[in-house]
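K.L.:
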């Protein structure tokens, strides 16, 4: 079945350093979504990427979708304590409902002041 | 507009007991989902529904049942609870077109001992 691998599993950074998490699929994706989950909270949608090579920015967050639509990354510039949490990618082989979404295991971002 | 509401927030069950996790959404979303999240893992789809009266199995349906009698409600039933069902359960909903974003409830933390 479809697999979505996400690395690293954990990332410790000093506040102000940059952070990147990577998502790789064994198959070509229709689109990919990114979610953030604060400790003890629920996943919250961040963004969706659809086009090959697409790059989207949200303030200090930059999302990329690979040319082959098999990988994606999330980069945070100058991390802040509010960025703490787990970042999940979720890839889909097809459009339609989320029954086709496969979640990665997530990257836990830990920030040291 | 409450979004997706889950009850209870916490529950402890003894092995063999049964319970129903409640989920309701007020966004008139057709698509609803139940996920489980184990420590350090991503989200695994248990069951989903594309509309009232229609349900289907996800990746890990064994030991669970669902019903969808109305658009708003999507309860998850655990029969004969087992320790392997100790997890955090998230209900989510989406409009359902073109992999629109998932809206998650706050989760139910279930322990089976």
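Residue numbers (the working numbering), protein chains in the order written: chain A, 4 to 116; chain B, 236 to 348.
No residue lacks a Cβ here, since even glycine has one placed at the ideal position from N, Cα and C.
Owing to the predicted nature of the structure, the values given are computational and were not obtained by experimental measurement.
Helix, strand or coil: how does DSSP classify residue 80(A) here?
P.N.:
Looking at residue 80(A) - three-state DSSP - the assignment turns out to be coil, as it is neither helix nor strand.
K.L.:
Shorter than 7 Å from the beta carbon of residue 339(B) to some beta carbon of chain A?
P.N.:
Chain A, which has a Cβ nearer than 7 Å to the Cβ of residue 339(B), makes this yes.
K.L.:
Ordered along the chain, which non-local residues of its own chain (more than five positions away) have a Cβ less than 7 Å from that of residue 63(A)?
P.N.:
Cβ within range, chain order: 79, 80 and 81.
K.L.:
I need the straight-line Cα distance from residue 260(B) to residue 22(A), nearest angstrom please.
P.N.:
Going from the Cα of residue 260(B) to the Cα of residue 22(A) covers about 35 Å.
K.L.:
Looking at the strands, I want to know which residues DSSP matches up with residue 272(B).
P.N.:
Beta-bridge pairing links residue 272(B) to 278(B) and 323(B).
K.L.:
Tell me the rounded alpha-carbon separation between residue 319(B) and residue 348(B).
P.N.:
In a straight line, the C-alpha of residue 319(B) is about 10 Å away from that of residue 348(B).
K.L.:
What in chain B is Cβ-close to residue 108(A), meaning under 9 Å?
P.N.:
Here the neighbours are 275, 276 and 277.
K.L.:
Looking only at DSSP bridge pairs, what is residue 95(A) linked to?
P.N.:
Answer is 34(A) and 104(A).
K.L.:
Alpha carbon to alpha carbon, how far is residue 104(A) from residue 337(B)? Give it in angstroms, no decimals.
P.N.:
When rounded, the distance between both Cα atoms is 10 Å.
K.L.:
Does DSSP put residue 308(B) in a helix, a strand or coil?
P.N.:
Three-state result, residue 308(B): strand.
K.L.:
For chain A, find out if any of its Cβ atoms is closer than 7 Å to the Cβ of residue 245(B); answer yes or no.
P.N.:
Residue 245(B) does not count as touching chain A.
K.L.:
Under 7 Å Cβ to Cβ from residue 329(B), same chain only, skipping five residues before and after it: list those, please.
P.N.:
264, 266, 335, 336, 337 and 338.
K.L.:
How about residue 282(B) and residue 298(B): are their beta carbons less than 7 Å apart?
P.N.:
No, the pair does not count as a contact, with Cβ atoms beyond the cut-off.
K.L.:
Name, please, each residue of chain A whose Cβ falls closer than 7 Å to the Cβ of residue 309(B).
P.N.:
Correct list: empty, because the minimum Cβ distance to chain A is about 13 Å.
K.L.:
Does any C-beta atom of chain A lie closer than 7 Å to the C-beta of residue 342(B)?
P.N.:
Interface residue, yes.
K.L.:
Which residues in the same chain have their Cβ closer than 6 Å to the Cβ of residue 278(B), if we skip the five residues on either side of it in sequence?
P.N.:
Result list for residue 278(B): 270 and 272, in chain order.
K.L.:
Within 10 angstroms of its Cβ, does residue 237(B) collect 16 or more other Cβ (buried), or is it exposed?
P.N.:
Flag for residue 237(B) reads exposed.
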